[in-house]
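Protein sequence lines, in the order shown, are assigned to chains U and C. With my numbering applied, the first sequence closes on residue 316, and no number is skipped along the way. With my numbering applied, the second sequence closes on residue 321, and no number is skipped along the way. Single-structure report; data block below.
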Amino acid sequence: MMATSALLRMTAPMRRDFEIPYHDLGDPDQPPKVALVAGLHGDEINGVFVLSRLANFLGGVDLGQRPTQKLLGRIVIIPAVNVLGLNTRSRTWPFDKTDINRMFPGYDGGETSQRIAHAVLQVTRDARYRIDLHSSNRDFEECPQVRLYEPGPRERSTAFLFGLPAVVERPSTSLFTVTIGHAWQKLGGENFVIQAGRAGSLHLPYCERLFRSLVAFLRRTGTLEGVELSEEDEDSYYFGTEQAVRLVSDYAGIFVSNLEPGRWLQAGDIIGYVYHGFDGHIHGEIRTPVAGLLTGLRRQPLLCQGDLVGRIHTP
Amino acid sequence: MAPTTAPMQIAHREEILTLDLPYCEQLAVGRTTFGSGGPRVAIVSGIHGDEVEGLYACHRLARWLTELCRTRPEALLGTVELYPGLNPLGLDTLQRWVPIFDVDLNRTFPGDDTGILPQRIAAAAMAYLEGTGMVIDIHASNIYLREIPQVRINQDFAERLVPLARNMNLDVIWVHGAVTVLETTLAHSLNARGIPCLVVEMGVGMRLTPSFTEQLIVGILGLWQELGVLDRSVVIPRPDHIPLLADDTNVHYLNAETSGLFVPGVEHWRAVYAGQVLGSIVSAHDGETLSQIRSPVDGVLFTLREYPLVYEGSLMARIVATDTVPRGTA
């Protein structure tokens, strides 16, 4: 039975009272099998769009509108946690500029964003699989990838069920300890962060890829039956923490590149050029020192000295 | 014949980091040094671009040191380094975080000298502060809350730092629990390397509170004298504030039960009693009082909300529970 619930209802100083809604699909008497969260950052639109479309699709399944398909487990979907941030195009909680994904595990008697974090954790805590969708920031574009932080062997293996081009293991940092990913880890289960695209924009091909990957994941984990999976997606590659190479520019200026993230490169290939902002001469060219998959690429042309322009993962 | 001071350069200004910006300009982080040799001490401020109390403290200290070097140069036995604005882009554009990157500079320590701009600032600061005997990192809360002058100390370093903080002429020493994310602050990074660093919080974002600055400076000069940076014969004002000791057991948080307009009913840094009304949350749409805020304990109000609009959960006040009214506040 499809249901829309609110994980939090709250007053506002001047606006109407507001709530953070979520979709609750499947048998409400069972604990959720899968929890999907997006929009912890209000400017990351790809995840919000994909989860809203997924909820639409699965809602139809849940209501029996697709007779050959069936939900075999309960699914919780929160398309956007930072509702006010999404509506005002703000990455952070707009009132006090706190990053909701730095407020976990949250506290129901604490600051507003701590209360939001606490409520998100309550709704997702019993799920076996938990997935948090992100885009990069406004300056950088990531090809669709699963990110794992200090994963167990089961997560390493399950991550391939998404069928995304890259499964990337990242080092855990002090900052990670206040994210939803870390809070979920403490609860057990299997937890995944998915990155795709760039904040502030909607990247339709990535969204389509993410949609297919989530449907594939639901089928492969036995949560959804009766769907045909596309065979067109390429292979997935696993990259450990030592296989990442950051490309940093020694030049400031205007960065120009005609590459697309997700492309395989040879050592020595040109990533882009940096032009002098005032007189227009070419300051320098940026080449990759290694062969590998271009998992992320700078999209913001204005470049400070030392800025990241790309990330290569070597096989 | 009275000794004459040569028209020497009293303060030495230099840039600890320069980085090219996209169009024609450079980011430059500067420091000003007084004296040479002897014990080294440093003041850091302006890590957050909306906190300016520390900038004024640097100005007042620079003026005091300039006068000392003019009149009694031999009395400066050590080296004083002032880093008034570690986040110059944020300060010059009125942004708390590092502009362009939207990164909290105080969550990037110890930094990375090959990383992005905020990481390079952090790495440069760490490199230049290496070997310093005492660092004071001055903060000014944020734009929402006003703080009485206080020192905040991670409990992991309390044994070493609390005795130093006692003579800082501040009103509260708050020893807080160790939180992993705070390991990325300047203070934690320095203390973890054995360089004592005290974090001062006072005032409110985007504003100056000169009386707080004068109070702090008395404490800083006294500490420098204790550390042998200033000669014992230098006359400095006597401290007149005795700190309350706060920790996670006696600090009480008052978070808003509902959203609206917070109107305080008491003055900051006043003794309050359990049950006393501290303020109200009212509606701007009508004449209704939505919530009354009462003190849960006898104590002293050391944090008070400055920005009136509140959401559910917004912090309005912090009280340190006490048995007696604190001394040194008259």
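Cβ atoms here follow ideal geometry from the backbone N, Cα and C, with glycine treated the same way.
{"query": "Rounded Cβ spacing between Ile101 (chain U) and Val82 (chain U) (contact assumed at less than 8 Å)", "result": "6 Å"}
{"query": "Contacts around Glu6 (chain C), its chain only, beta-carbon distance under 7 Å, and the 5 residues preceding and following it disregarded", "result": "Ala19, Val20 and Gly21"}
{"query": "Own chain, CB closer than 8 Å to Leu304 (chain U), minus 5 neighbours either side, in chain order", "result": "Ser250, Tyr252, Ala253, Gly254, Ile255, Phe256, Val275 and Val310"}
{"query": "Beta-carbon separation (whole angstroms), Leu298 (chain U) vs Ser237 (chain U), contact threshold 8 Å", "result": "So it is not a contact: roughly 20 Å between Cβ atoms."}
{"query": "Cβ-Cβ distance between Glu44 (chain C) and Phe203 (chain C) below 8 Å", "result": "yes"}
{"query": "Endpoints, the beta strand (DSSP E) within which Glu142 (chain U) is located", "result": "Phe141 to Tyr150"}
{"query": "Identified DSSP bridge partners for Cys188 (chain C)", "result": "C:Val126"}
{"query": "C-beta contact flag for Asp104 (chain C) and Gly168 (chain C) at 8 Å", "result": "no"}
{"query": "CB contact below 8 Å: Tyr302 (chain C) versus chain U", "result": "yes"}
{"query": "Between the CA atoms of Gly29 (chain C) and Ile79 (chain U) - distance to the nearest angstrom", "result": "60 Å"}
{"query": "Ile271 (chain U) - partner residues in DSSP beta bridges", "result": "U:Arg288"}
{"query": "Continuous beta strand (DSSP E) stretch holding Trp165 (chain C): start and end", "result": "Val163 to His167"}
{"query": "Ile211 (chain C) and Ile127 (chain C) closer than 8 Å at C-beta", "result": "yes"}
{"query": "Within chain U, the residues that Asn246 (chain C) reaches when beta carbons sit closer than 8 Å", "result": "Gly110, Gly111 and Glu112"}
{"query": "Inter-residue Cα distance where the pair is Leu230 (chain U) and Trp88 (chain C)", "result": "45 Å"}
{"query": "Close beta carbons around Arg223 (chain C), own chain, < 8 Å, minus the five adjacent residues each side", "result": "Gln216"}
{"query": "Within-8 Å CB hit, Gly106 (chain C) to chain U", "result": "yes"}
{"query": "Minimum C-alpha distance to Arg171 (chain U) - residue among U:Val291, U:Arg312 and U:Asp25", "result": "U:Arg312"}
{"query": "Chain U residues whose Cβ lies nearer than 7 Å to that of Ser305 (chain C)", "result": "Glu112 and Thr113"}
{"query": "Cβ distance (whole Å) where Val195 (chain C) is taken to contact Ile134 (chain C) below 8 Å", "result": "7 Å"}
{"query": "Identity of the residues DSSP links to Trp265 (chain U) by a beta bridge", "result": "U:Leu294"}
{"query": "Residue burial classification, Thr263 (chain U) (beta-carbon count within 10 angstroms, cutoff 16)", "result": "It is Gly, not Thr, that sits at residue 263 (chain U) in the sequence shown. Burial call: buried."}
{"query": "Partner residues on chain C for Ser175 (chain U), Cβ-Cβ distance less than 7 Å", "result": "Thr171, Val172, Glu174 and Thr175"}
{"query": "Ile181 (chain U) burial status per 10 Å Cβ neighbour count (16 or more: buried)", "result": "buried"}
{"query": "Residues of the region 11 to 40 of chain C with Cβ closer than 7 Å to any Cβ of chain U, in chain order", "result": "Asp11, Leu12, Pro13, Tyr14 and Cys15"}
{"query": "Between the CA atoms of Ala120 (chain U) and Ser6 (chain U) - distance to the nearest angstrom", "result": "12 Å"}
{"query": "For Ala131 (chain C), the nearest candidate out of C:Gln141, C:Pro228, C:Thr123 and C:His179 (CA to CA)", "result": "C:Gln141"}
{"query": "Cβ-Cβ distance between His290 (chain C) and Ala308 (chain C) below 8 Å", "result": "The amino acid occupying residue 290 (chain C) in the given sequence is Gly; His does not appear at that position. No, they are not a contact pair."}
{"query": "Segments assigned beta strand (DSSP E), at least 3 residues, entirely inside the region 28 to 104 of chain U", "result": "35 to 38 and 76 to 79"}
{"query": "Spatial distance of Pro154 (chain C) from Ile227 (chain C) (CA atoms)", "result": "20 Å"}
{"query": "Cβ-based burial, Asp83 (chain C) [other Cβ within 10 Å; buried from 16]", "result": "exposed"}
{"query": "Span separating the alpha-carbon of Ile186 (chain C) from that of Gly74 (chain U)", "result": "55 Å"}
{"query": "Closest residue to Leu59 (chain U) among U:His314, U:Ile283, U:Leu215 and U:Ala268 (Cα-Cα distance)", "result": "U:Leu215"}
{"query": "Beta-carbon neighbours of Ala115 (chain C), restricted to chain U and to distances below 7 Å", "result": "Those do not exist, as Ala115 (chain C) stays about 11 Å from chain U at its closest Cβ, beyond 7 Å."}
{"query": "Contact set between the region 225 to 259 of chain C and chain U, restricted to residues whose Cβ is under 9 Å from the partner", "result": "Tyr244, Asn246, Ala247, Thr249, Ser250, Gly251 and Leu252"}
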